[in-house]
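J.: For what it's worth, the working numbering labels the leading residue of the sequence shown as 12, then goes sequentially.
C-beta atoms are modelled at their ideal positions from N, C-alpha and C, and glycine is treated no differently.
The structure presented is a predicted model; accordingly, all values stated were derived computationally and were not measured.
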Amino acid sequence: MFTQLFGNFLLRKGVVTPEQLLRVIKAASNSHVKLGTLCMHAGLMTPAEVEKVYLMQTQVDKRFGEIAVDEGFLTASQVEELMENQGPHYLVLAQELVEQGLMNHEDVERLLYDYQTETELFDLDMMEDHKDKLKKLVLNFCNLADIRNADSAISYLQLLFNNVIRFIGDDFTPMDLVPFQQYVTKVATSQSLTGEYQLTSAIEMDEQTAVAFASRYAGEEWDEFSEYVIAALQDFLNLHNGLFVVNMSNTSSMELNLGAPMDISNDLYEPEGYTYLLPLAYTFGTVNFLITIFN
12 MFTQLFGNFL LRKGVVTPEQ LLRVIKAASN SHVKLGTLCM HAGLMTPAEV EKVYLMQTQV
72 DKRFGEIAVD EGFLTASQVE ELMENQGPHY LVLAQELVEQ GLMNHEDVER LLYDYQTETE
132 LFDLDMMEDH KDKLKKLVLN FCNLADIRNA DSAISYLQLL FNNVIRFIGD DFTPMDLVPF
192 QQYVTKVATS QSLTGEYQLT SAIEMDEQTA VAFASRYAGE EWDEFSEYVI AALQDFLNLH
252 NGLFVVNMSN TSSMELNLGA PMDISNDLYE PEGYTYLLPL AYTFGTVNFL ITIFN
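(1) With a cut-off of 8 Å, do at least 3 Cβ pairs link the stretch 265-278 to the stretch 173-193?
(2) Thinking C-alpha only, which one of A59, L122 and A242 is nearest V222?
(3) Rounded to whole angstroms, what is the Cα-Cα separation between L248 and Q127?
(4) Assuming E218 and A199 make a contact with CB atoms under 8 Å, what is their CB distance in whole Å?
(5) Applying the 10 Å Cβ sphere with the 16-neighbour rule, what's the burial state of T211?
(6) Output the boundary residues of the beta strand (DSSP E) element that contains T303.
(7) In three-state terms, what does DSSP make of M12?
(8) What is the DSSP secondary structure of G18, counted as helix, strand or coil?
(9) Skipping 5 residues on each side, what residues in its chain have a beta carbon closer than 6 Å to that of Q169?
(10) Would you list the residues sitting across from L291 in a DSSP beta bridge?
(11) With a threshold of 16 other CB atoms inside 10 Å of the CB of V71, please say whether the residue is buried or exposed.
(12) Count the other CB atoms within 10 Å of the CB of V189; is the residue buried (16 or more) or exposed (fewer)?
(13) Within 8 Å, do at least three Cβ pairs link the stretch 77-89 to the stretch 60-67?
(14) Let me make sure I understand the geometry here. Which of I78, A38, L267 and A292 has the alpha-carbon closest to that of S203?
(15) Starting from G253, trace the alpha helix (DSSP H) in both directions and tell me its first and last residue.
(16) Spatial neighbours of E283 within its chain, please: CB distance less than 8 Å, with the 5 preceding and 5 following residues excluded, ordered by chain position.
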């Protein structure tokens, strides 16, 4: 999730366009973090030193780590430790910004520092802190401070991010969460939670995106829109909301009731309550989540 929100950070800073970011995400899905990127992230080498080693690699048949050790930039044990650790996955996105000529190593190093400062990710490798850091990161992203039961809303969004990564894929960037009162849907399904906490969520997208989303979720190779696609969208929403109901019962002793999914395609959606649009820009299209929170 730190990787996806790094993409949102890049958009907010205006350093890439949405189209450029999607190209970077596609390329990053087939890449791994290079040792030079890891060295800069760990503060063991400067961008200039990394560039020097890359240049030397074009002249001698040696690995990056071998040259860095020969030049006195790293020790052999540091190379081994970096290779074992690999660092956070959002470094791959940062690396692709350089690979695609969108910025240089110095700019990327500065952006990484700003992102880690803003989100307090310097101690991300301390796993006991991981969940708290993710919660704070999502809270800062969503800005739901004015909503009663904001903790429950944040838990819902954390689980949503986890589930789309788990069942659909991690090749997306969340766009900014925005409030709305009316929304004209294309392909869409909704479901309500009632009880001690009330929430209605919907998933919406165009037909082409729906086919790709449903194919990933169902593990099928569908190429045209059908009732199977609608059923897959409803099943995903029902699965996600069902897991949220179980989590709330286990962690907060909060009993919630889950309604049946409803088809709201090609309609004017006007829910009551605090309603937000959360677009997830996937490489295959934009998936919109419409979330209504009742105070």
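T.: Looking at the atomic coordinates:
(1) Too few Cβ pairs lie closer than 8 Å, so no.
(2) Cα-wise, what sits closest to V222 is A242.
(3) Taking the straight line joining both Cα atoms gives about 32 Å.
(4) Contact between E218 and A199 is ruled out by a C-beta separation of about 11 Å, above the 8 Å threshold.
(5) A residue is called buried once 16 or more other Cβ atoms fall within 10 Å of its Cβ, and T211 is buried on that count.
(6) Residue range G296 to F305 is occupied by the beta strand (DSSP E) that includes T303.
(7) If DSSP states are grouped into helix, strand and coil, M12 belongs with coil.
(8) Here G18 sits in helix by DSSP.
(9) Annotation for Q169: V149 place their beta carbon closer than 6 Å to its own, counting only its chain and skipping 5 residues before and after.
(10) P185 and V298.
(11) The residue is exposed, with fewer than 16 neighbouring Cβ atoms inside 10 Å.
(12) Under a 10 Å Cβ-count criterion, V189 is classified as exposed, with fewer than 16 other Cβ atoms of the shown protein chains found around its own Cβ.
(13) Touching, per the Cβ criterion.
(14) Shortest Cα-Cα distance from S203 to any of I78, A38, L267 and A292 involves L267.
(15) If you look at G253, you'll find it in the alpha helix (DSSP H) that goes E238 to S263.
(16) For E283, where only same-chain residues beyond five positions count, the Cβ hits under 8 Å are T303 and F305.
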